[in-house]
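J.: All residue numbers for the sequence shown refer to my numbering, where the first residue is 1449 and numbers rise by one. Here a beta-carbon is modelled for each residue, glycine too, at the ideal position from N, C-alpha and C. Note that the coordinates shown come from a computational prediction; the quantities given were computed from them, not determined experimentally.
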Amino acid sequence: MLNNLHQQPQDKILQLMKMYREDTRSDKIDLGVGVYKDATGLTPVMRAIKTAEQQLWATETTKAYTGLAGDPGYQNAMIDLVLADAVSRDRIAASHTPGGTGAIHAVLELIGMANPDATIWLSAPTWPNHPSIIRHLGIKMAEYRYFDDASCAVDFDGMMADLKTVKAGDVVLLHGCCHNPTGANLTLPEWQAVADLLLTRGAVPFIDIAYQGFGDGLNEDAAGVRLLAAMFPEMLIAASCSKNFGVYRERTGIVLTVAPNTATRDTTQGNLAHLNRQNFSFPPDHGARLVTMILTDPALKADWMAELEAVRLGMLTTREHLARELQRLSGSDRFGFVAQHRGMFSRMGASPEQVVKLREQHGIYMVGDSRINIAGLNPTTVPILASALIEVGC
Ligand code: LMR
């Protein structure tokens, strides 16, 4: 039986992580996988997480299962964090999943159960695991234009033109903030225009929000998702705590859905719990419990927000440094987009050949589409990257 299996296509990001690990050069620079690193290259455990872990160790009395859709305390804390009071609670169903990827998977399965004819519209480009999971589940997909390669900014006219062809019942996946892989984001008026258009088309928005707090701030980054939640009868959300709480390996994510009424919310809630039961039964608790403790304790929350803000501002400083360095070396403003982009990533506009040269000749690892992880840089490596980019002809 097992010899009927075929090799699966390699995930580009994971493949790059492996290549980096195997490179023996001591001055190699990892700008690949989207994991935050401080200036020393460490992915730290956040202070509030450490404190919550100590408290949890001292007070936890059982490791018995939580609810199938997770602990209500976690659900409520995450609804507050992502949606605040944008929509009434009796329309929201919530389900704790292993990571943001687990949430995306559950949302896609839910779509397959509710409307197998729906097409999922993805931004071109998007996180490579989006189309991969959709393909795996056998759901139809299409692309809308999103990024203008020449200016490295959002191709808003192209996006709107493509979204005008979306059919009623189709699902449009939008990145809540900090677009992965480009770093180019919608302004609030653009969110409004997209929302107005999708509403008239009868489409269902699906927001993947994995970097809340890494762009313009915790509330600012949720402004688009909240705007849509207040307008649409139905909406799907996959949120992740991996990055903003630094709990990557604890697999802490959540599905939030907005239904037109409480009865449909209740049925959706039951279906989400059912999906968890089919896929893994009860969700892992540790990361979610820490997140809940932090979000419900004013002192822990304040400390977490302060550290997250420092992380966000650090990435902005790096962006400005890189943009300045590239302007100095190129004698032009064509890299100004680096300071305009937000979040962990920027797509630099290097060709696949230039990306290979950067890796082979300079030991600089970025994804093949020239996505860099801004948090992989520090004051020493910014000038190295800038001069390497110019040297390979960017
Ligand atoms: C990334 O885009 O690098 C992250 O979301 C990590 C991953 O799993 O791909």
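1) In angstroms with no decimal places, state the Cα-to-Cα distance between residue 1572 and residue 1539.
2) Tell me, which residues are paired with residue 1591 by DSSP?
3) What residue range is occupied by the uninterrupted beta strand (DSSP E) comprising residue 1619?
4) Give the list of continuous beta strand (DSSP E) stretches no shorter than 3 residues that lie fully inside the stretch 1755-1818.
5) Relative to the C-alpha of residue 1779, which residue among 1835, 1731, 1813 and 1607 is closest?
6) Under 8 Å, do residue 1678 and residue 1656 count as touching if we go by C-beta distance?
7) From the DSSP output, read off the bridge partner residues of residue 1705.
8) Less than 7 Å separating the Cβ of residue 1482 from some heavy atom of the ligand LMR?
9) Between 1582, 1631 and 1558, which lies nearest to residue 1594 when the distance is taken from Cα to Cα?
10) Count the C-beta pairs between the stretch 1615-1633 and the stretch 1648-1666 that are closer than 8 Å, then say yes if the count reaches three, no if not.
11) How would you write the range of the beta strand (DSSP E) that residue 1520 sits in, first residue to last?
12) Leaving aside the five residues before and after residue 1798 along the sequence, list all residues of the same chain whose C-beta is less than 6 Å from its C-beta, in chain order.
13) Would you mind stating whether residue 1643 and residue 1611 have Cβ atoms separated by less than 8 Å?
14) Beta-carbon within less than 8 Å of residue 1481's beta-carbon, same chain only, minus the 5 sequence neighbours each way: which residues are those?
15) Over what stretch of residues does the alpha helix (DSSP H) that includes residue 1673 continue unbroken?
16) Decide yes or no for the touch test of the stretch 1508-1518 against the stretch 1691-1699: beta carbon pairs closer than 8 Å, at least 3 of them.
17) For residue 1767 and residue 1757, I'd like the C-alpha separation in whole angstroms.
18) Using a Cβ-Cβ cutoff of less than 6 Å, which residues in the same chain neighbour residue 1478 once the five nearest sequence positions on both sides are dropped?
19) Assuming contact is defined by CB atoms lying nearer than 8 Å, are residue 1634 and residue 1586 in contact in what I supplied?
20) What is the DSSP secondary structure of residue 1719, counted as helix, strand or coil?
T.: Result, derived from the coordinates:
1) Position 124 of the sequence shown, counted from the start, is the residue given in the question as residue 1572. Position 91 of the sequence shown, counted from the start, is the residue given in the question as residue 1539. Taking the straight line from one Cα to the other gives about 31 Å.
2) As a working note, residue 1591 is residue 143 in the sequence shown. Residue 1591 pairs with 1570.
3) Numbered from 1 along the sequence shown, position 171 holds the residue referred to as residue 1619. From DSSP, the beta strand (DSSP E) with residue 1619 extends over 1619-1623.
4) 1793-1795
5) By 1-based counting over the sequence shown, the position of residue 1779 is 331. The shortest C-alpha separation from residue 1779 is found at 1835.
6) As a working note, residue 1678 is residue 230 in the sequence shown. As a working note, residue 1656 is residue 208 in the sequence shown. Cβ distance not < 8 Å, so residue 1678 and residue 1656 don't count as in contact.
7) If you number the sequence shown from 1, residue 1705 lands on position 257. According to DSSP, which records beta bridges pairwise, residue 1705 is partnered with 1541 and 1684.
8) Counting from one through the sequence shown, the residue named residue 1482 turns up at place 34. Yes; taking the cut-off as 7 Å, the Cβ of residue 1482 has a heavy atom of the ligand LMR nearer than that.
9) One-based indexing of the sequence shown puts residue 1594 at position 146. Of the candidates 1582, 1631 and 1558, the one whose C-alpha sits nearest the C-alpha of residue 1594 is 1631.
10) yes
11) Position 72 of the sequence shown, counted from the start, is the residue given in the question as residue 1520. That residue, residue 1520, is in no beta strand (DSSP E); its alpha helix (DSSP H) goes 1520-1531.
12) Here residue 1798 refers to the residue found at position 350 of the sequence shown. Around residue 1798: 1818 and 1842.
13) Indexing the sequence shown from 1 puts residue 1643 at position 195. Indexing the sequence shown from 1 puts residue 1611 at position 163. Result no, Cβ atoms of residue 1643 and residue 1611 do not sit closer than 8 Å.
14) Stepping through the sequence shown from its first residue, residue 1481 is reached at position 33. Contacts found: 1461, 1462, 1464, 1465 and 1821.
15) Residue numbering aside, residue 1673 sits at position 225 when the sequence shown is read from its first letter. 1671-1679 is the span of the alpha helix (DSSP H), which, as asked, contains residue 1673.
16) no
17) On the sequence shown, position 319 is the one that residue 1767 refers to. On the sequence shown, position 309 is the one that residue 1757 refers to. So the alpha carbons of these two residues sit roughly 15 Å apart.
18) Your numbering for residue 1478 matches position 30 in the sequence shown. Excluding sequence neighbours, residue 1478 sits near 1468, 1813 and 1824.
19) Here residue 1634 refers to the residue found at position 186 when the sequence shown is read from its first residue. Here residue 1586 refers to the residue found at position 138 when the sequence shown is read from its first residue. Contact flag unset, no.
20) Along the sequence shown, one-based indexing puts residue 1719 at 271. Residue state, collapsed to three classes: helix.
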